[in-house]
Structure formats: C-alpha cells, structure tokens
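As numbered in the working numbering, residues 173 to 259 make up the sequence shown, in order.
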Amino acid sequence: MINQLISTSCRIDDFCIIYHKELQSKSIDHQKKKVGFKPSLSLSKIMTILIMYQAVKYKDFKTYYVEFIKIYWKHYFPKAPSYNRFV
Numbered sequence: 173m174i175n176q177l178i179s180t181s182c183r184i185d186d187f188c189i190i191y192h193k194e195l196q197s198k199s200i201d202h203q204k205k206k207v208g209f210k211p212s213l214s215l216s217k218i219m220t221i222l223i224m225y226q227a228v229k230y231k232d233f234k235t236y237y238v239e240f241i242k243i244y245w246k247h248y249f250p251k252a253p254s255y256n257r258f259v
C-alpha cells in the first residue's frame, strides 16, 4: 500500500508540475496576486488523497480521512487539515 501511495503521489506531482507550467503559459492574468489563505496542502497532495480513497475502498470519505489519513498516513501528510477544513 505504501508503494502504491508513493508511486501515485510521484505521478500526480509530475502531472501537476507540467499542468501548472502549461496553465501559466496560456493564462492571461497569471500575474495577479491571489487573495485569501494559502492552502496547507498542495494540489498534488489533495489529488493523491482523493485517488487513494478509491484504491483503498473505504465506505465513506469521512471515515477514510479521519481514521486512515490522519492516523496511519499522518507522516506522509503532516499538514493535513481537519476533515471539516478539507471538505
């Protein structure tokens, strides 16, 4: 399971890097400042959590996030917010 997490995370991170570069090159207003809070998790980590939810086949997302991500994988996602903030 850990190998699958690492492999998935690396693939998603590579995709996000390429996607972000492409988006910046095509975007007109990419130089504007963003207003608001900076998220504690990157887009690639959020995507990894969501994709791994499908792989481990928990019945509901809340149980998966609270019992699996926040307890067993907390060292892989140390800045993971609470479930209410994530959703």
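The beta carbon of each residue, even a glycine, is placed where N, CA and C say it ideally should be.
In the DSSP assignment, K217 falls within the alpha helix (DSSP H) that extends over L215 to V228. Rounded to whole angstroms, L215 and V259 show a C-alpha spacing of 14 Å. Contact check for K242 against A227 fails: the beta carbons are separated by 8 Å or more. For Y191, the enclosing alpha helix (DSSP H) stretches over residues I174 to K198. Distance from Y248 to Y237 at the Cβ level is roughly 13 Å; contact not present, criterion being Cβ atoms closer than 8 Å.
By the 16-neighbour rule on beta-carbons within 10 angstroms, S181 is buried. Within the same chain, and ignoring the five residues on either side of L177 in sequence, the residues whose Cβ sits closer than 8 Å to its Cβ are T220, M224, W245 and Y248.
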